[in-house]
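Some notes on the structure that comes next.
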Amino acid sequence: MTEKSWDHSVDVLIVGSGNGALAAALSSYEMGVKDLLIVEKSAEIGGTSATSGGGVWIPGNRYAKAAGAQDSFEDAKAYLLNTTPEGAVPEEMVDSYLRNGPKMIDFLHECSDVRYETLEHYPDYYTNVAGSRTGHRSMEPARFDSSLLGDDVKRLRPSHHMMRLFNRIYFTQVEAALLTLQGPGWIKLTLKLIASWAFDFAWLIKGNGLGRDVCTGAAGVARLWYSVKKRNIPLWASSPMEELIEEDGRVVGAIIQRDGKKLRVQARKGVILAAGGFERNQQMREEYLPAPTSSDWSGGVEGNTGDAIQAGLKLGAATRLMDGAWWCTTVSVPGEPAPRLSVMEKSYPGSCIVNLRGERFANESQNYMAFQKDLYKQHSEAAPCSPMYQIFDARFRRDYIVGPLMTASLKPDWTIPKEWFETKLVGKANTVRELAEQLGIDAENLEKTVGKMNAYAKTGKDLDFQRGDSAYDRYYGDPRFEPNPCLGVIDEAPFYAMRLEAGDFGTQGGLATNPDAQVLKSDGSAIDGLYAVGNCSAAVLPTYPGPGSTLGPAMTFAYQAAKHISGFQD
Numbered sequence: 025m026t027e028k029s030w031d032h033s034v035d036v037l038i039v040g041s042g043n044g045a046l047a048a049a050l051s052s053y054e055m056g057v058k059d060l061l062i063v064e065k066s067a068e069i070g071g072t073s074a075t076s077g078g079g080v081w082i083p084g085n086r087y088a089k090a091a092g093a094q095d096s097f098e099d100a101k102a103y104l105l106n107t108t109p110e111g112a113v114p115e116e117m118v119d120s121y122l123r124n125g126p127k128m129i130d131f132l133h134e135c136s137d138v139r140y141e142t143l144e145h146y147p148d149y150y151t152n153v154a155g156s157r158t159g160h161r162s163m164e165p166a167r168f169d170s171s172l173l174g175d176d177v178k179r180l181r182p183s184h185h186m187m188r189l190f191n192r193i194y195f196t197q198v199e200a201a202l203l204t205l206q207g208p209g210w211i212k213l214t215l216k217l218i219a220s221w222a223f224d225f226a227w228l229i230k231g232n233g234l235g236r237d238v239c240t241g242a243a244g245v246a247r248l249w250y251s252v253k254k255r256n257i258p259l260w261a262s263s264p265m266e267e268l269i270e271e272d273g274r275v276v277g278a279i280i281q282r283d284g285k286k287l288r289v290q291a292r293k294g295v296i297l298a299a300g301g302f303e304r305n306q307q308m309r310e311e312y313l314p315a316p317t318s319s320d321w322s323g324g325v326e327g328n329t330g331d332a333i334q335a336g337l338k339l340g341a342a343t344r345l346m347d348g349a350w351w352c353t354t355v356s357v358p359g360e361p362a363p364r365l366s367v368m369e370k371s372y373p374g375s376c377i378v379n380l381r382g383e384r385f386a387n388e389s390q391n392y393m394a395f396q397k398d399l400y401k402q403h404s405e406a407a408p409c410s411p412m413y414q415i416f417d418a419r420f421r422r423d424y425i426v427g428p429l430m431t432a433s434l435k436p437d438w439t440i441p442k443e444w445f446e447t448k449l450v451g452k453a454n455t456v457r458e459l460a461e462q463l464g465i466d467a468e469n470l471e472k473t474v475g476k477m478n479a480y481a482k483t484g485k486d487l488d489f490q491r492g493d494s495a496y497d498r499y500y501g502d503p504r505f506e507p508n509p510c511l512g513v514i515d516e517a518p519f520y521a522m523r524l525e526a527g528d529f530g531t532q533g534g535l536a537t538n539p540d541a542q543v544l545k546s547d548g549s550a551i552d553g554l555y556a557v558g559n560c561s562a563a564v565l566p567t568y569p570g571p572g573s574t575l576g577p578a579m580t581f582a583y584q585a586a587k588h589i590s591g592f593q594d
């Protein structure tokens with residue numbers, strides 16, 4: 025095919041604009057491959073990376089070492105092997121991730137504006153497993169002054185609305201834990217955040233009402249994008265990839281739709297797919313994922329419809345883990361742009377999660393991924409676990425935030441929209457039995473369940489699911505409660521319920537790849553010129569061993585792809 029056959033020609037074409045895509049572009053450029061093009065399906069930049077918590081889980085990273093944390097390759101590998109089902113992930117992929125993740129972070133720290141802060145107290149998700157750590161394996165992005173993006177700040181996809189105070193003011197993961205729990209110092213922090221936003225007159229006048237300093241996922245994307253912009257790497261928004269172009273067994277480009285035209289874009293050295301999963305494609309969900317499943321329950325961005333995976337399948341690519349997702353219960357609130365992830369509130373003392381039979385089915389305080397895996401194990405037609413309800417009382421309502429419900433003082437009952445009650449998103453009654461009857465829950469069983477929870481709260485021992493026994497359970501517990509920070513009585517009227525769904529924040533199955541991020545065929549051979557990273561590739565950390573188990577691999581294998589394309593030796 026001649027150069028004249030192409031509408032546009034570059035060395036490397038990168039599809040997507042999340043952490044994986046931007047890290048691939050930045051790494052490629054710094055490794056000497058400077059003729060690059062990034063294409064993004066949406067008008068906004070950042071994908072699910074931007075709406076996420078922004079955490080990156082990489083054992084032995086530079087920020088942990090600087091804080092004096094002790095870790096080792098051997099312990100991290102033992103932990104992963106102990107938490108990953110045998111045969112789910114090739115061992116060479118685990119080894120490559122653990123060896124190259126810290127190198128990737130060093131590389132980006134030294135050559136760009138990418139900066140992270142170690143999470144000292146955020147534990148691995150399975151702290152009862154050998155090789156785990158109670159902190160310092162995960163990082164979150166350092167705050168970023170988004171005004172540095174210039175007019176492009178309006179194209180930055182914001183962090184999820186649940187990670188912004190009053191939907192306006194960004195806060196970090198560490199701050200989120202304090203604000204949601206309303207722990208010591210939360211009022212001072214709240215006033216500080218409000219003041220920094222309210223008195224930034226120059227920014228508010230020219231901006232869209234969002235705070236200047238971005239945090240969590242938006243900060244991670246912004247730092248990468250700012251570094252990409254400094255290098256004048258072009259990024260086409262609203263430019264979806266329609267299909268890959270193959271010639272003599274090699275991927276040589278792709279068809280990109282831009283401004284209503286189909287453009288043939290040549291990629292002389294390779295195409296890197298970093299375009300997200302298929303969580304917003306209901307047909308693919310029903311084909312691959314366990315039931316019940318709905319794209320309406322997903323926290324993933326609307327453009328994640330599996331385009332990159334389908335393009336790879338057309339070329340004979342192999343896949344792995346297509347029946348998995350990054351599971352997390354969600355709250356679908358009428359009128360909100362996306363479901364809320366239910367993470368912290370499930371751990372607080374004085375509540376429990378029940379199915380429509382009024383029975384608990386899992387440890388509510390365990391990590392969200394494990395909780396929902398237990399949900400699918402227990403779900404049946406006879407005992408459906410979706411929808412499920414979080415049951416709590418007046419004390420809990422006073423002390424904690426639950427989904428869209430702020431505390432009673434901040435959002436009194438009379439301000440709760442009528443629609444929330446009519447759609448059974450929220451329930452309220454003077455007795456547990458009345459609450460159950462209102463929502464269609466087995467009343468007798470719910471009374472028994474609440475009675476058992478009250479007994480467990482007094483002894484500090486959950487005899488059914490061992491809630492509060494692990495370090496992770498206690499991370500989101502309330503230390504003011506003894507003997508167990510995750511257990512409290514549910515006995516003060518009125519009683520409340522919040523409906524939860526079996527949601528997710530992305531799918532984890534995708535194109536099979538090797539340690540260089542090359543896409544593989546079913547016989548194990550690589551498709552020349554084609555690479556995949558992030559959620560369009562099969563997960564390397566499918567059990568979600570710690571906070572940031574999606575972004576860590578996305579960025580690491582983006583770095584690996586850039587090395588393979590450029591020949592760079594680290």
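Under the numbering used here, the first residue of the sequence shown is numbered 25, with each subsequent residue one higher.
Here a beta-carbon is modelled for each residue, glycine too, at the ideal position from N, C-alpha and C.
Return yes when the Cβ of arginine 304 is within less than 7 Å of the Cβ of threonine 343, no when it is not. As a position in the sequence shown, residue 343 is number 319, starting the count at 1. As a position in the sequence shown, residue 304 is number 280, starting the count at 1. For threonine 343 and arginine 304, no; Cβs fall outside 7 Å.
Excluding the five sequence neighbours on either side, which residues of its own chain have a C-beta within less than 6 Å of the C-beta of lysine 65, listed in chain order? Your numbering for residue 65 matches position 41 in the sequence shown. Around lysine 65: Pro264, Gly327.
Excluding sequence positions up to five away, which residues of its chain have a Cβ less than 7 Å from the Cβ of isoleucine 589? For the purposes of this step, residue 589 is taken as the residue at position 565 of the sequence shown. So the qualifying residues of the chain are Val36, Ser52, Val57, Lys293, Gly294.
Since lysine 545 contacts glycine 277 with CB under 8 Å, what's their CB separation in whole angstroms? Translated into positions along the sequence shown, residue 545 becomes position 521. Translated into positions along the sequence shown, residue 277 becomes position 253. About 19 Å; that fails the 8 Å criterion.
According to DSSP, is glycine 71 part of a helix, a strand, or is it coil? Start at 1 with the first residue of the sequence shown, and residue 71 comes out as number 47. DSSP places glycine 71 in helix when its eight states are reduced to three.
Could you give the DSSP three-state label for glutamine 390: helix, strand or coil? Position 366 of the sequence shown, counting from 1, holds the residue named residue 390. Reduced to three states, the DSSP call for glutamine 390 is coil.
Given a threshold of 16 other Cβ atoms within 10 Å of its Cβ, counted over all protein chains shown, does arginine 274 qualify as buried or as exposed? Along the sequence shown, read from residue 1 onward, the residue named residue 274 stands at position 250. Classification of arginine 274: exposed, given that the 10 Å Cβ count is below 16.
By the three-class DSSP mapping on this structure, what secondary structure does glutamate 310 have? For this step, residue 310 is matched to residue 286 along the sequence shown. DSSP places glutamate 310 in helix when its eight states are reduced to three.
In whole angstroms, give me the CA-to-CA distance for serine 356 and methionine 55. Counting from 1 along the sequence shown, the entry for residue 356 is found at position 332. Counting from 1 along the sequence shown, the entry for residue 55 is found at position 31. Taking the straight line joining both Cα atoms gives about 44 Å.
Can you give me the start and stop residues for the beta strand (DSSP E) that alanine 562 sits inside? Sequence index remark: in the sequence shown, residue 562 carries index 538 (1-based). No beta strand (DSSP E) holds alanine 562; DSSP gives it neither H nor E.
Contacting residues, own chain, Cβ-Cβ under 8 Å from threonine 205 (five flanking each side not counted): Within the sequence shown, the letter at position 181 stands for residue 205. Reading the sequence as shown, one finds leucine at residue 205 and not threonine. Only Met368, Tyr372, Tyr424, Tyr500, Asp502 meet the Cβ criterion.
Decide yes or no for the touch test of the stretch 153-172 against the stretch 203-221: beta carbon pairs closer than 8 Å, at least 3 of them. no
Assign threonine 354 to one of three DSSP states: helix, strand, or coil. Your numbering for residue 354 matches position 330 in the sequence shown. If DSSP states are grouped into helix, strand and coil, threonine 354 belongs with the strands.
Name the residue from Gly92, Leu202, Val118 whose alpha carbon lies nearest to the alpha carbon of alanine 102. One-based indexing of the sequence shown puts residue 102 at position 78. The shortest C-alpha separation from alanine 102 is found at Val118.
Around the C-beta of serine 318, are 16 or more other C-beta atoms found within 10 angstroms, so that it is buried, or is it exposed? Mapped onto the sequence shown, residue 318 falls at position 294. Counting Cβ neighbours within 10 Å, serine 318 comes out buried, since at least 16 surround it.
Keeping to the same chain, check which residues put their C-beta closer than 7 Å to that of arginine 384; ignore five residues upstream and five downstream. Position 360 of the sequence shown holds residue 384. Closer than 7 Å at the Cβ level, and outside the excluded window around arginine 384, lie Cys376, Ile377, Val378, Thr473, Asp488, Phe489.
Quick one: which unbroken beta strand (DSSP E) runs of 3-plus residues sit fully inside the stretch 190-272? Chain order, please. 265-271
Outcome for glutamine 593 when other beta-carbon atoms lying within 10 angstroms are tallied against a minimum of 16: Counted from its first residue, the sequence shown places residue 593 at position 569. Burial call: exposed.
Identify which residue in Asn85, Met186, Gly70 has its Cα closest to the Cα of glycine 244. For the purposes of this step, residue 244 is identified with residue 220 of the sequence shown, where counting begins at 1. Taking only the C-alpha atoms, the option nearest glycine 244 is Gly70.
Taking a contact to mean a Cβ-Cβ separation below 7 Å, would you say serine 556 touches valine 543 in this structure? Here residue 556 is taken as the residue at index 532 of the sequence shown, counted from 1. Here residue 543 is taken as the residue at index 519 of the sequence shown, counted from 1. The question names serine, but residue 556 in the sequence shown is alanine. Going by C-beta atoms, alanine 556 is nearer than 7 Å to valine 543.
Would you decide whether glycine 359 is buried or exposed? Buried here means 16 or more other CB atoms lie within 10 Å of its CB. If you number the sequence shown from 1, residue 359 lands on position 335. Exposed, because fewer than 16 other Cβ atoms sit within 10 Å of the Cβ of glycine 359.
Contact between the stretch 123-140 and the stretch 79-92: three or more CB pairs below 8 Å? yes
Whole-angstrom Cβ separation of aspartate 497 and tryptophan 350, contact assumed at under 8 Å? Within the sequence shown, numbered from 1, the residue matching residue 497 stands at position 473. Within the sequence shown, numbered from 1, the residue matching residue 350 stands at position 326. No, aspartate 497 and tryptophan 350 are not in contact; Cβ-Cβ is about 20 Å, not under 8 Å.
Phenylalanine 489 by DSSP, collapsed to three states: which one? In the sequence shown, counting from the first residue as 1, residue 489 sits at position 465. Three-state DSSP puts phenylalanine 489 in coil, outside helix and strand.
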